[in-house]
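J.: So in our numbering, spot 136 of the sequence shown is number 811, and the numbers just go up one at a time.
Let me begin by handing over the structure; questions about it come next.
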Amino acid sequence: MDISRLHQRNELLLNSANDGIYGLDLDGRATFINQSAARLLGWEPESLIGKPLHSIIHHHRADGRPYPSEECPNCAAYRDGQSHQVNDDIFWRKDGSSFPVESASTPLMEGDLIKGAVVTFRDITQRVKDEAKLRHYQSNLEKMVESRTEELSEVNKDLRDFVYIV
């Protein structure tokens, strides 16, 4: 298989993935970005290539505090050569809105040399909403059980008092 067909095949594979996937060089600049990542982030893929992605999509934490790249697990993969996974983070879209993600970063290795990193991420908005709904239902159920337990306790007390009198 020639190089151009191999490149085309790899691009097809990357763009067929539902998860966002992007590559970083040793300076944290995007080397590739698949269609899903670009769509989720609201950018055209070619407009992100060569740009420092952390400062574009991962610059602040959910509470608004700055998120230095030195503390970013996605950037750490090309620094320390280790894989990193985060289950509750946020990325920022081009329009300034944020969305919850889980991400995994893996160093790109050539022999013993780190050449960059690959980051995969998934939009977990629906999961976050479902978990919040579940917590709400659980809280309501706990309140109902507590209320019913109090009612039963009163009935038991009344029954004990009645049996004691008889």
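All C-beta atoms in this analysis are idealised placements derived from N, C-alpha and C, irrespective of residue type, glycine included.
(1) On the CB-based measure, 16 or more other CB atoms within 10 Å of its CB, does Thr800 come out buried or exposed?
(2) Shortest alpha-carbon distance to Asp770 belongs to which of Ile732, Pro741, Tyr812?
(3) Beta carbon of Leu715, beta carbon of Arg768: below 9 angstroms?
(4) Pop quiz: Arg754 and Gly725 are said to be a contact at Cβ under 8 angstroms. What is the actual Cβ separation, rounded to whole angstroms?
(5) So, does the stretch 801–821 touch the stretch 685–705, judging by three or more C-beta pairs under 8 angstroms?
(6) By alpha-carbon positions, which one of Asn815, Glu817, Ser778 ends up nearest to Gly698?
(7) Helix, strand or coil: how does DSSP classify Asn749 here?
(8) Rounded to the nearest angstrom, what separates Asn690 and His811 at their Cα positions?
(9) Report the three-state DSSP secondary structure of Arg768 (helix, strand or coil).
(10) If you measure between the beta carbons of Gly756 and Met784, is that distance less than 9 angstroms?
(11) Check this for me: beta carbons of Thr795 and Ile708, under 9 angstroms apart or not?
(12) Using C-beta distances below 7 angstroms, list every residue in its chain close to Asn762, excluding the 5 sequence neighbours before and after it, in chain order.
(13) What did DSSP end up calling Asp833 once you bin it into helix, strand or coil?
T.: This is what the structure gives:
(1) Looking at its Cβ environment, which holds fewer than 16 other Cβ atoms inside 10 Å, Thr800 is exposed.
(2) The residue with the shortest Cα to Cα distance from Asp770 is Ile732.
(3) Result yes, Cβ atoms of Leu715 and Arg768 sit closer than 9 angstroms.
(4) A Cβ-Cβ distance of about 19 angstroms is found for the pair Arg754 and Gly725, leaving them out of contact under the 8 angstroms criterion.
(5) Cβ pair count under 8 angstroms is below three, so no.
(6) The alpha carbon of Gly698 has as its nearest neighbour, out of Asn815, Glu817, Ser778, the alpha carbon of Ser778.
(7) If DSSP states are grouped into helix, strand and coil, Asn749 belongs with the helices.
(8) So the two alpha carbons sit approximately 37 angstroms from each other.
(9) Correct three-state label for Arg768: coil.
(10) Yes, the pair counts as a contact, with Cβ atoms nearer than the cut-off.
(11) Ile708 is positioned such that its CB atom lies no closer than 9 angstroms to that of Thr795.
(12) Around Asn762: Glu777.
(13) In the three-state DSSP reduction, Asp833 falls in the helix class (H, G or I).
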